[in-house]
């Protein structure tokens, strides 16, 4: 049973560029949440996708956007990258809109120079 | 808003020592509480959880009790091992496991032989 997978593992981008991160949920899960973990900090919730729609959103600017595909996989897009966007981006999957434990992937390490 | 405060690290212990990592929370209603562990270079793994007052979560020798009167969820282990070296995060979700998680900043534990 494959767990949550994310790609790429590492990424280096330049300020002002755009980036796309990808996540495949655990088998049987239909909900994907994205978190940003800055160095030395706890993860912060970006947004959650369920039934291909953004259901909940944290305190992140519109430069952060996402998408969920019919197979439940998801993408996180960040436009106009800033140095402060350098972080570990974690994807978590779960089942249903409520009441299910979240399983985390290994993350994508984004470095903005 | 909801928040989690946990003791700052790093915490360094000798093998077989007793571990306590303090965690307190602020939340409206009746949140669910979690401890996650992050090993070097990996994503988050759920260590244990409790969904209502006085519940005790336990796993791999770790325990934590949901104390509503003190708004606390302290993590304990009677005898730590070198393999327990990791970063530990306390977290809450407002209603259930599938709502956005709010994390503390994490506590780094190093266990020396």
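Chains as they are written, first to last, in my numbering: chain A, 126 to 238; chain B, 36 to 148.
Don't be surprised by glycine CBs; every beta carbon is placed ideally from N, CA and C.
Nothing here was measured: the structure is a model prediction, and the numbers come from that model.
- Residues of the segment 127-141 of chain B with a Cβ closer than 9 angstroms to any Cβ of chain A, in chain order: 128, 130, 131, 132, 133, 134, 135, 136, 137, 138, 139, 140 and 141.
- With a cut-off of 8 angstroms on Cβ pairs, the segment 134-146 of chain B is in contact with the segment 53-60 of chain B, counting three or more such pairs.
- Using a Cβ-Cβ cut-off of 9 angstroms, residue 116 of chain B does not count as an interface residue toward chain A, since no Cβ of chain A sits closer than that to its own.
- Excluding sequence positions up to five before and after residue 84 of chain B, its CB lies within less than 6 angstroms of the CB of 69 and 92, all in the same chain and listed in chain order.
- Distances from the CA of residue 160 of chain A to each of A:219, A:214 and A:233 were compared; the closest alpha carbon is that of A:214.
- For residue 114 of chain B, the secondary structure class from DSSP, reduced to helix, strand or coil, is coil.
- A direct Cα-to-Cα measurement between residue 189 of chain A and residue 145 of chain A gives close to 10 angstroms.
- Restricting attention to B:37, B:50, B:41 and B:46, the CA atom closest to the CA of residue 114 of chain B is found in B:50.
- Within chain B, 78 have C-beta atoms less than 7 angstroms from the C-beta of residue 232 of chain A, given in sequence order.
- For residue 136 of chain A, the closest Cβ of chain B is not nearer than 9 angstroms.
- The distance from the Cβ of residue 162 of chain A to that of residue 172 of chain A is about 15 angstroms, inconsistent with a contact at the 8 angstroms cut-off.
- If you draw a straight line from the Cα of residue 64 of chain B to the Cα of residue 221 of chain A, it is about 22 angstroms long.
- According to the DSSP assignment, residue 55 of chain B belongs to the beta strand (DSSP E) that extends over 54-56.
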